[in-house]
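Engineer:
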């Protein structure tokens with residue numbers, strides 16, 4: 001695992017690429033073009049710079065900025081010294097960022113001023129922990145100054161490849177997010193799978209157009225990187241910029257949500273950008289005409305079931321078979337998936353239960369959550385908190401989250417988090433969040449609010465209250481009032497009753513929920 | 001590595017396949033058709049049976065038989081209990097087999113009577129170690145009786161996936177072969193690479209038509225197995241039987257040497273066997289017309305550089321690029337390759353040096369060869385004993401063995417081994433082995449013999465002497481006599497002078513040797 005005869009780590013991969021593809025471009029990011037040979041040197045300089053700032057094994061570095069090749073660089077540098085690197089969600093409010101700062105307690109924070117400076121500064125002001133060194137990533141570019149002035153000599157390493165290196169916050173089921181700690185081994189094993197599924201070659205040019213605080217993008221970033229391909233970065237998803245970059249850098253594939261494809265089609269109606277270099281599964285006629293439709297088996301795309309805690313997908317339609325009963329394909333080689341009842345006994349095929357996972361891509365645990373880890377990792381299995389079914393033909397179906405969750409665009413929204421925010425408003429006695437069907441984002445957020453006796457409050461005020469404290473995508477679009485929230489016999493909020501009365505639906509687990517009701 | 005949350009072992013893969021592809025055929029071998037669900041149960045029964053015979057962690061099981069699905073089963077069972085399983089070369093003489101028995105010192109020997117019974121019985125008679133339980137694989141089929149009567153309950157395991165599980169004898173540079181110990185991790189990592197390179201799917205049906213005492217076949221066997229595909233076994237390479245099996249089982253690919261393809265073309269001139277199910281790279285027109293030419297990139301075939309000690313190939317043309325200067329492609333993701341001078345310093349690109357390797361597929365070492373292991377693994381790198389070059393474009397070229405070696409068909413022949421045998425003949429004072437070009441087998445073996453003063457001996461007697469003590473393919477085809485073997489200034493046999501005088505050539509390292517001479 002560690003250095004020596006059998007080493008398989010991000011640094012060892014980079015060492016080899018610096019020889020096998022020394023002058024091949026590893027990163028393209030605006031004007032920056034960095035080769036694999038340069039990428040190796042930069043990773044070692046960065047690691048040496050961090051060491052001088054006191055970052056050692058088990059210490060943490062926080063990234064409060066948008067997409068950048070420096071996220072990959074940061075993960076490599078962290079791998080060299082046994083530290084952890086977390087690219088935080090930049091769409092969060094100051095308050096949410098402050099929570100992550102206090103929770104993650106980094107020795108170094110790398111931050112960006114443009115677009116998100118206000119939130120970052122706000123967070124820095126609110127956070128109770130203040131021992132970190134703050135390094136600005138844009139503007140005066142303190143990051144680059146630090147790196148180029150650092151020692152270039154190779155960091156001697158004896159790394160545990162199974163230890164945590166990349167941390168991604170997720171799973172705010174109980175109201176606050178938790179940092180999933182992923183190992184180099186998780187990254188490298190997943191990379192070998194993604195290379196096959198997406199048929200990556202060193203000629204692949206991947207546009208990182210999805211947010212890099214999600215594994216959905218990152219699992220492909222690293223698969224391209226460890227294969228010696230080229231990663232292209234844009235700070236955030238902007239249709240015009242995506243078109244320019246695809247056209248100019250001849251990107252061969254990208255992380256694309258349907259809405260972005262629609263925006264691109266509208267924007268490029270006159271064909272001023274040549275996007276034929278981009279391969280894509282067939283989506284809709286105007287899009288299909290603009291790009292190159294993947295000529296290979298349509299299973300060769302990254303569909304399936306996964307979550308941050310297992311470093312992306314663990315089941316793939318790619319590994320399934322035509323005619324599979326299950327909608328989520330089958331597990332990748334190396335991963336074990338079981339369907340458990342509440343006593344952790346395997347249920348019969350065809351029955352719904354909790355999806356549990358074992359394998360090299362499973363997280364080491366959540367950062368700083370001993371109790372939750374003991375619960376989620378009980379009996380040697382990672383409990384996903386998701387429901388699924390092993391079909392009688394052996395294929396798998398994801399059925400839905402065990403806990404109510406809303407999916408809006410690519411983002412998971414946890415009702416508990418939004419409800420907690422609403423309850424902190426002076427006029428609110430209690431609140432429930434449901435998801436209502438949305439033609440563009442699949443679901444959008446609706447709040448059902450019970451006001452305190454004698455209080456009055458406009459829906460717009462409550463929406464604004466949420467916007468001020470939560471990432472904008474989490475705020476309710478609609479607020480309705482109710483005298484008293486309906487309760488189940490056990491006293492919990494009766495979400496089914498709320499859905500029926502207030503038009504909730506289209507949840508990720510809809511099919512199963514419908515079946516359960518029948 | 002071991003059991004639990006991050007387990008990635010052959011048994012964990014089999015556990016998952018027994019659910020994801022329970023009724024899919026894992027093995028076809030004559031009349032035997034075994035599903036993944038049955039394969040799991042059989043592996044556990046076999047492990048339990050061996051345990052009862054006293055096989056524990058670190059103990060050894062020797063396979064003295066031809067190709068069979070039971071080799072895969074044996075490796076899985078060994079993995080379950082931390083034992084080692086070695087499929088020995090069945091083409092060896094009694095004497096050679098006896099050496100392996102004494103060297104490997106197994107607790108259990110599984111043996112075959114048909115075709116090789118005489119050699120096996122001879123070996124059993126000669127071997128000094130006699131503590132093993134001998135189980136016959138054919139005839140009365142003691143193996144099956146043992147397995148079916150064994151406990152079927154799951155073996156509880158806490159396995160070190162980095163420990164040795166599969167042993168393959170090779171590298172008889174110093175006169176006797178050495179058993180390379182390969183880990184589950186080596187097998188599983190290589191499988192992920194081979195799956196991609198050979199584009200395996202669960203629909204793949206692989207004909208194990210190469211010998212399973214070589215990693216050349218085994219690395220594909222396990223790649224198919226861990227992907228949930230179907231492995232088809234034939235005891236040995238017989239063109240007629242291969243045609244029958246391909247036709248009947250609809251094999252999609254096979255391990256094929258050129259000579260076998262030529263035999264098949266001759267045999268199937270009338271097209272009585274339909275071989276269109278078989279995909280193959282284009283070889284020659286008659287063959288190409290009989291099978292289905294792989295429509296994908298021709299790089300998608302297993303060419304490159306490798307050896308038993310690194311579990312097959314470590315560089316692949318697949319990972320290269322069109323126009324590469326190097327003939328051996330580039331390393332697979334995860335493997336580090338360096339070119340070292342005799343002081344273990346990296347040489348400049350373009351210079352020839354020894355190929356050294358690091359990565360998860362590197363062997364744990366040779367069984368029972370502490371001194372050799374210390375030498376081959378010095379400074380944390382596996383020294384391959386092969387010469388190579390990192391080209392200036394980053395690609396790699398295998399140049400040739402550091403030590404003289406002959407390649408005949410798919411077999412490596414080590415001159416020291418044949419010379420040692422000849423020197424043990426009463427009439428022989430000294431002997432040297434060279435390889436001469438052969439239109440079918442690339443090279444064949446020629447002996448240059450210096451007789452004892454006053455002795456006389458016919459070439460046929462010496463050839464027969466070798467045939468009696470060595471695997472038949474190692475025996476000289478031609479013997480020539482010489483008064484005194486030419487020597488270098490340092491007193492070593494001057495093989496270059498012998499090659500020039502006696503027509504040696506076409507060595508695996510020819511290109512380099514020519515360059516060195518110039």
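Residue numbers (UniProt numbering), protein chains in the order written: chain V, 1 to 518; chain H, 1 to 518. Cβ atoms here follow ideal geometry from the backbone N, Cα and C, with glycine treated the same way. Bear in mind that the values here come from a model prediction, so they are computed numbers and not experimental data.
1) Going by C-alpha to C-alpha distance, which of V:290, V:456 and V:9 sits closest to residue 190 of chain V?
2) Skipping 5 residues on each side, what residues in its chain have a beta carbon closer than 8 Å to that of residue 242 of chain H?
3) Taking only the alpha-carbon atoms, compute the straight-line gap between residue 220 of chain V and residue 6 of chain H and give it to the nearest angstrom.
4) Between residue 425 of chain H and residue 146 of chain H, what straight-line distance do the alpha-carbon atoms span, to the nearest angstrom?
5) Taking buried to mean at least 16 other C-beta atoms within 10 Å of its own C-beta, is residue 468 of chain V buried or exposed?
6) Considering only residues of the same chain and omitting the five flanking positions on each side of residue 298 of chain H, which have a CB-CB separation below 7 Å?
7) Under 9 Å between the Cβ atoms of residue 37 of chain V and residue 23 of chain V?
8) When Cβ atoms are compared, which residues of the stretch 209-242 of chain H fall closer than 7 Å to chain V?
9) For residue 473 of chain H, which option in H:409, H:239 and H:448 has the closest C-alpha, if you only look at C-alpha atoms?
10) With a threshold of 8 Å, are at least 3 pairs of Cβ atoms found where one atom belongs to the stretch 136-153 of chain V and the other to the stretch 327-344 of chain V?
11) Quick one: what's got a C-beta closer than 8 Å to residue 216 of chain V's C-beta in the same chain, skipping five residues either side?
12) Take residue 336 of chain H and list the residues in its own chain whose beta-carbon comes closer than 8 Å to its own, dropping the five residues that flank it on each side.
13) Hey, how far is the Cα of residue 501 of chain H from the Cα of residue 402 of chain H?
14) Name the DSSP bridge partner or partners of residue 435 of chain H?
15) Which residue's Cα is closest to the Cα of residue 34 of chain V: V:332, V:49, V:17 and V:66?
16) Span of the beta strand (DSSP E) holding residue 159 of chain H?
17) So, are the CB atoms of residue 165 of chain V and residue 307 of chain V less than 9 Å apart?
18) What residue from V:28, V:96, V:432 and V:371 has the CA that sits closest to residue 245 of chain V's CA?
19) Taking the alpha helix (DSSP H) that residue 286 of chain V belongs to, which residues open and close that run?
20) In the structure shown, what three-state DSSP assignment does residue 369 of chain V receive?
21) By DSSP's criteria, residue 478 of chain V is part of a beta bridge. Which residues make up the other side?
22) Under 7 Å Cβ-Cβ, which residues of chain V neighbour residue 394 of chain H?
23) For chain H, find out if any of its Cβ atoms is closer than 9 Å to the Cβ of residue 164 of chain V; answer yes or no.
24) Please list, in chain order, the residues of the stretch 307-322 of chain V that have any C-beta partner in chain H closer than 7 Å.
25) What does DSSP give as the partner residue(s) for residue 49 of chain V in the beta ladder?
26) Measure the beta-carbon distance from residue 521 of chain H to residue 384 of chain H and round it to whole angstroms, keeping in mind my assumption that it falls under 8 Å.
27) In the stretch 179-206 of chain V, which residue ranges form an unbroken alpha helix (DSSP H) of at least 4 residues, counting only runs that do not cross its ends?
28) Would the beta-carbon of residue 85 of chain H fall within 9 Å of that of residue 101 of chain H?
29) In three-state DSSP terms, what is residue 220 of chain H?
30) So that I know if they touch, is there some Cβ in chain H lying closer than 9 Å to that of residue 298 of chain V?
31) Determine the extent of the alpha helix (DSSP H) in which residue 243 of chain V is found, giving its start and end residues.
32) By the criterion of Cβ-Cβ separation under 7 Å, what are the contact partners of residue 10 of chain H in chain V?
33) Enumerate, from N- to C-terminal direction, the unbroken alpha helix (DSSP H) stretches of 4 or more residues contained entirely within the stretch 61-136 of chain H.
34) Hey, would you say residue 390 of chain V sits closer than 9 Å to residue 347 of chain V, going by beta carbons?
35) Residue 193 of chain V to residue 230 of chain H, Cα distance in whole Å?
36) Going by CA-CA distance only, name the one from V:32, V:497 and V:351 that's closest to residue 434 of chain V.
Structural biologist: Based on what the coordinates show:
1) V:9
2) 207, 209, 234, 254, 260 and 264
3) 21 Å
4) 43 Å
5) exposed
6) With a pLDDT of only 48 at residue 298 of chain H, under 50, the local geometry of the prediction cannot be trusted, and the value read off the model is given with reservation. Cβ neighbours of residue 298 of chain H beyond the five flanking positions: 281.
7) yes
8) 226 and 227
9) H:409
10) no
11) 210, 255, 312 and 410
12) 357, 358 and 359
13) 22 Å
14) H:445
15) V:17
16) First-last for residue 159 of chain H: undefined, no H or E at that position.
17) no
18) V:28
19) 285-290
20) coil
21) V:446
22) 19, 20, 21 and 22
23) no
24) 321
25) Beta-bridge pairing links residue 49 of chain V to no other residue.
26) The displayed coordinates of chain H run from 1 to 518. Any statement about residue 521 of chain H would go beyond what the structure contains.
27) 184-197
28) no
29) helix
30) Low local confidence applies: a pLDDT of 48 at residue 298 of chain V is under 50, so the model's placement there is unreliable, with the coordinate-based value given in what follows. Judged by the 9 Å Cβ criterion, residue 298 of chain V is not in contact with chain H.
31) 239-249
32) Under the 7 Å cutoff, chain V gives no residues; its nearest Cβ is about 11 Å from residue 10 of chain H.
33) 69-81, 94-104 and 117-126
34) yes
35) 20 Å
36) V:497
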